[in-house]
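One gets this note's numbering by counting positions in the sequence shown from 1 and adding 35 to each. What follows is a set of notes on a single structure, which appears directly below.
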Amino acid sequence: MLVGTTEAAFLLNISTARLRLLLKQSRVRGAKKKGRFWAIPLNNRGMPEITPGLRGPQGTWNKGRRTGNTFIHIIRKVIDDNRDNGTSDPAISVKQGDHNNRCHEAEIVGPCKIIYRPHKPNRSQAGGARLWIEVEPHI
């Protein structure tokens with residue numbers, strides 16, 4: 036299967052600029068340029084293969100597919116602050132593994148669950164949230 040730079044960067048959990056630099060250095064195994072776009076093959080685990088560099092520390096990109104779920108939180112305190120102060124801070128938090136991105140909107144494409152546990156908050160992943168949306172890892 037072949038993917039482009041955006042999807043390959045998402046799978047590796049690196050920026051597209053970093054991936055383009057690796058492509059320029061010929062460190063992405065089997066990658067070919069087709070016109071203006073790159074065609075990057077995936078290995079049997081569904082990941083692009085990166086050859087290690089000669090010097091410096093090892094790469095920090097993902098070696099395997101994501102297994103943990105993605106959590107989407109609505110931050111009530113930010114909503115209240117926006118209403119009271121007339122600000123427009125992002126009130127949606129999308130947590131993917133160790134990364135936490137704040138945004139104004141999030142599109143869910145695929146299966147998901149909305150979970151509400153008022154007396155049993157999710158302290159392990161969600162920081163004590165009582166209401167959250169759980170989606171598949173690749174979303």
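Glycine is no exception: its CB is placed at the ideal position from the N, C-alpha and C atoms.
Close Cβ partners of residue i (< 7 angstroms) along its chain, the five nearest in sequence each way excluded
i	result
Ile110	Ala126, Ser128
Leu58	Ala66, Trp73
Arg165	Tyr151, Arg152, Pro153, Pro156
Sequence-distant residues of its chain with Cβ nearer than 8 angstroms to residue i (five each side left out)
i	result
Glu140	Ile127
Thr105	Val129, Lys130, Gln131, Glu169, Val170, Glu171, Pro172, Ile174
Ile143	Ile107, Ile168, Val170, Ile174
Met36	Pro76, Leu77, Gly81
Bridge partners - residue i, DSSP secondary structure assignment
i	result
Leu176	Absent from the model: residue 176. The displayed extent of the chain is 36 to 174, so no value can be given.
Pro83	The partner list for Pro83 (beta bridge, DSSP) is empty, contrary to what the question assumes.
Ser128	His108, Arg137
Ile75	Val38
Val63	Ile85
Asn157	Ala164
CB-CB length for residue i against residue j, believed under 8 angstroms
i	j	result
Asn135	Asp124	Going by Cβ atoms, the distance from Asn135 to Asp124 rounds to 14 angstroms, so no, they are not a contact pair.
C-beta contact flag for residue i and residue j at 8 angstroms
i	j	result
Gly145	Pro156	no
Leu54	Thr40	yes
Ile216	Trp167	Because the chain is modelled from 36 through 174, residue 216 falls outside the range shown and cannot be assessed.
Ala43	Ser50	no
Arg62	Thr86	yes
Close-in-space but distant-in-sequence residues of the same chain around residue i (CB under 6 angstroms, 5 per side omitted)
i	result
Glu84	Arg64, Asn78
Val38	Ile75
Gln60	none
Gly121	none
Arg137	Pro125, Ser128
Worksheet item: Quick check: the segment 81-92 against the segment 143-156, are there 3 or more CB pairs under 8 angstroms?
Response: no
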